[in-house]
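Chemist: Okay, here's the structure, questions in a sec.
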Amino acid sequence: MNILITGCNGQLGNEMQLLEKENPQHCYFNTDVAELDITNQLAVDDFVQRNAIDCIVNCAAYTAVDKAESNKELCTTLNTLAPAYLAAAVAKRGGSIIQVSTDYVFDGTHHTPYVETDTPAPDSVYGSTKLAGELGVQKFCPNAMIIRTAWLYSIYGNNFVKTMIRLGKEKSELGVIFDQIGTPTYAADLASVIMTAINQGVKPGVYHFSNEGVTSWYDFTKAIHRLAGITTCHVKPLHTSEYPTPANRPAYSVLDKTKIKEAYGVEIPHWEASLARCVSLLMAE
Numbered sequence: 424m425n426i427l428i429t430g431c432n433g434q435l436g437n438e439m440q441l442l443e444k445e446n447p448q449h450c451y452f453n454t455d456v457a458e459l460d461i462t463n464q465l466a467v468d469d470f471v472q473r474n475a476i477d478c479i480v481n482c483a484a485y486t487a488v489d490k491a492e493s494n495k496e497l498c499t500t501l502n503t504l505a506p507a508y509l510a511a512a513v514a515k516r517g518g519s520i521i522q523v524s525t526d527y528v529f530d531g532t533h534h535t536p537y538v539e540t541d542t543p544a545p546d547s548v549y550g551s552t553k554l555a556g557e558l559g560v561q562k563f564c565p566n567a568m569i570i571r572t573a574w575l576y577s578i579y580g581n582n583f584v585k586t587m588i589r590l591g592k593e594k595s596e597l598g599v600i601f602d603q604i605g606t607p608t609y610a611a612d613l614a615s616v617i618m619t620a621i622n623q624g625v626k627p628g629v630y631h632f633s634n635e636g637v638t639s640w641y642d643f644t645k646a647i648h649r650l651a652g653i654t655t656c657h658v659k660p661l662h663t664s665e666y667p668t669p670a671n672r673p674a675y676s677v678l679d680k681t682k683i684k685e686a687y688g689v690e691i692p693h694w695e696a697s698l699a700r701c702v703s704l705l706m707a708e
């Protein structure tokens, strides 16, 4: 198949590129904004038709959650309009699209893991634009697979894990929120399940994917420091109210992964095991 990867310079896009070497049966078109402006509908349509794209993996998004509150137009363009352009273009060829979405489509008021049929209720510009992106992709492409994920990190780009390692080395004390609960996701594991979906056949619908287990940002930080051998930084728990941000974050956004595990027969690693893999790679750099 001819596969278009958008946002190839990001965390997930880079992890997808690593897997391409192990899956040479496909032809890959790795693009970021320099190669393809996905906010330009004519450019998207031309690229997809000219290169006979069979499947699109949209790893591109506006993910600056707090900046999105005051930059709604750009956030909407990247998270809502662009996915629809991609979906419409590949649908003309009878192809499929895998759209990566987020736990922020929920307001976080649950106390049990969210399933795919739970009613979304985004409480931020970022979450609202990502939900609208989901709906647009499904509207324009019958073969649309949406994968909601959460707390994404990897050895690439800027992310929470790398920031906590850096701050842990620089500071003697660090305050981290303890009353927001979710599950970290190693982008390499998400890329792996996306490649599995491509190889087994894209099954339309909404799916949830993160690593297994549950934690808080505070406990996540403690695990990062332990694995990175950081012992000189005292991490103290903060309430969300002590660290106000422009965008609201879900207090509880654990995702139920049963559907994707059953659909593709995948086993998902526990978040601590995947974190250990990532930190060891970061420490080896």
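With the working numbering, letter number 236 in the sequence shown gets 659, and the count goes up by one each step, no holes. C-beta atoms are modelled at their ideal positions from N, C-alpha and C, and glycine is treated no differently.
At what residues does the beta strand (DSSP E) containing glutamine 522 begin and finish?
Modeler: As a first step, residue 522 is located in the sequence shown; it is residue number 99 there, counting from the start. Residues 519-525.
Chemist: Do alanine 510 and threonine 567 have their beta-carbon atoms positioned less than 7 Å apart in this structure?
Modeler: Position 144 of the sequence shown, counted from the first residue, corresponds to residue 567. Position 87 of the sequence shown, counted from the first residue, corresponds to residue 510. Residue identity check: residue 567 is alanine in the sequence provided, not threonine. Taking 7 Å as the Cβ cut-off, alanine 567 and alanine 510 qualify as a contacting pair.
Chemist: Report all residues from its chain with a CB closer than 6 Å to the CB of tyrosine 579; omit the five preceding and five following residues, and keep chain order.
Modeler: Within the sequence shown, residue 579 is the residue found at index 156, counting from 1. Excluding sequence neighbours, tyrosine 579 sits near Gln434, Asn437.
Chemist: Report yes or no: do three or more beta-carbon pairs, one from the segment 546-553 and one from the segment 492-509, lie closer than 8 Å?
Modeler: Touching, yes.
Chemist: In this structure, does DSSP put glutamate 593 in helix, strand or coil?
Modeler: The sequence position of residue 593 within the sequence shown is 170, counting from 1. Residue state, collapsed to three classes: helix.
Chemist: With a 10 Å radius around its C-beta and 16 neighbouring C-beta atoms as the bar for buried, classify threonine 444 as buried or exposed.
Modeler: Stepping through the sequence shown from its first residue, residue 444 is reached at position 21. The sequence as given places lysine at residue 444; threonine does not occur at that position. Lysine 444 comes out exposed.
Chemist: Are the beta-carbon atoms belonging to leucine 678 and serine 633 less than 7 Å from one another?
Modeler: Residue mapping note: residue 678 aligns to position 255 of the sequence shown, counting from 1. Residue mapping note: residue 633 aligns to position 210 of the sequence shown, counting from 1. A contact, by the Cβ cut-off of 7 Å.
Chemist: Would you call tyrosine 666 buried or exposed, if buried means 16 or more other Cβ atoms sit within 10 Å of its Cβ?
Modeler: Locating residue 666 in the sequence shown gives position 243, counting from the first residue. When all chains shown are included, tyrosine 666 counts as exposed.
Chemist: Looking at C-beta atoms only, is the number of pairs between the segment 498-506 and the segment 595-609 that lie closer than 8 Å three or more?
Modeler: Touching, no.
Chemist: Which runs of the alpha helix (DSSP H) at least 4 residues long sit entirely within the segment 429-465? Give them in chain order.
Modeler: Fully enclosed alpha helix (DSSP H) runs of 4 or longer: 434-443.
Chemist: Would a C-beta distance cut-off of 7 Å place proline 607 and valine 560 closer than the cut-off?
Modeler: In the sequence shown, counting from the first residue as 1, residue 607 sits at position 184. In the sequence shown, counting from the first residue as 1, residue 560 sits at position 137. Going by C-beta atoms, proline 607 is not nearer than 7 Å to valine 560.
Chemist: Do three or more CB pairs link the segment 623-632 to the segment 535-543 at distances below 8 Å?
Modeler: Taking 8 Å as the limit for Cβ pairs, the verdict is that the segment 535-543 does touch the segment 623-632.
Chemist: For proline 506, name the three-state secondary structure that DSSP assigns.
Modeler: In the sequence shown, the residue the question calls residue 506 occupies position 83. If DSSP states are grouped into helix, strand and coil, proline 506 belongs with the helices.
Chemist: Could you tell me which residues DSSP pairs with alanine 567 in its beta bridges?
Modeler: Sequence index remark: in the sequence shown, residue 567 carries index 144 (1-based). Ile520.
Chemist: Taking the alpha carbon of alanine 484 as the point to measure from, which residue in Val625, Arg571, Glu685, Lys594 has its own alpha carbon closest?
Modeler: Position 61 of the sequence shown, counted from the start, is the residue given in the question as residue 484. Closest option to alanine 484, Cα to Cα, is Arg571.
Chemist: Output the distance between the C-alpha atoms of tryptophan 694 and threonine 503, rounded to the nearest integer angstrom.
Modeler: Start at 1 with the first residue of the sequence shown, and residue 694 comes out as number 271. Start at 1 with the first residue of the sequence shown, and residue 503 comes out as number 80. Whole-angstrom Cα-Cα distance: 29 Å.
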